[in-house]
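Following: one structure in structure tokens, then a few remarks.
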Amino acid sequence: MVDTERYTVKCDDIDYAIYTVSNWKNDYKINLIGTSKEIPVTKVTREHVLFSLEQIRKSEFDINGTKVNGLVALGRQLNPEIQEMPLDELISLEEKEYKNITEEILELPMLPEDEEIDLSTEDYLIYKLVKDEHSITSPKPANKFTLDYHMSEIKKLQKQNNISD
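In structure tokens, the structure reads:
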């Protein structure tokens with residue numbers, strides 16, 4: 075959890091990403107944003123998510139002699155359900171999912187930019203965006219609710235992959 079003396083976060087603060095836990099309208103197998111239940115609720119967070127998606131898509135990887143974008147490569151690596159899918163189908167599915175998730179994100183209702191959220195809330199996942207020495211932005215849980223949510227998600231993944239503590 076981030077060590078902070080702040081007790082509220084303003085929705086337009088670029089140093090924080092704020093989400094609600096919910097389900098996406100569409101089903102996603104490849105898109106990393108769509109496979110989580112973290113839904114952006116602020117304009118700052120929405121822009122951060124869209125920018126991140128674009129950056130991952132710009133990355134190129136070679137899989138069996140075929141150039142694919144970063145979302146295809148990561149999705150294939152992280153989701154056993156699609157690892158055996160032919161690459162042309164995987165590429166087509168990623169394009170469809172990208173269009174769907176982008177539309178969903180742009181249609182989401184956003185909290186007012188001048189609203190402040192108390193860090194003790196259990197209504198939102200709140201991350202402090204911290205840059206490391208290589209200027210890579212890492213989200214750090216900013217409240218107990220977010221930290222607890224992450225721990226439960228890690229336990230689910232461990233159980234799903236038969237990994238013990």
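For the sequence shown, my numbering gives the first residue as 75, with consecutive numbering after it.
Idealized CB from N, CA, C, for every residue including glycine.
Segment limits, alpha helix (DSSP H) that includes residue i
i      : result
LEU161 : 161-181
ASP197 : Taken as a continuous stretch (DSSP letters only), ASP197 belongs to no alpha helix (DSSP H), as it is neither H nor E.
GLU227 : 218-234
GLY139 : From DSSP, GLY139 is part of no alpha helix (DSSP H); its letter is neither H nor E.
DSSP three-state assignment for residue i, whether helix, strand or coil
i      : result
THR78  : Low local confidence applies: a pLDDT of 49 at THR78 is under 50, so the model's placement there is unreliable, and no value is given.
PRO154 : helix
LEU244 : Past the boundaries of the shown model lies residue 244; the chain is included only from 75 to 239, so the question cannot be answered.
Identity of the residues DSSP links to residue i by a beta bridge
i      : result
SER209 : The partner list for SER209 (beta bridge, DSSP) is empty, contrary to what the question assumes.
PRO215 : TYR201
GLU134 : ASN143
Host beta strand (DSSP E) of residue i (start-end)
i      : result
GLU190 : 190-192
Distance cut-off 6 Å: residue i Cβ against heavy atoms of the ligand PLP
i      : result
LEU193 : Annotation note on the ligand PLP: not contained in the displayed structure, which lists no ligands.
Contact belief for residue i with residue j at Cβ below 8 Å, rounded distance in angstroms
i      : j      : result
LYS244 : GLU187 : Only positions 75 to 239 of the chain appear in the structure, and residue 244 is not among them; the question remains open.
task: Scan the region 82-129 and note each continuous beta strand (DSSP E) run of 3 residues or more that stays entirely inside, going in chain order.
output: 82-84, 90-95, 112-114
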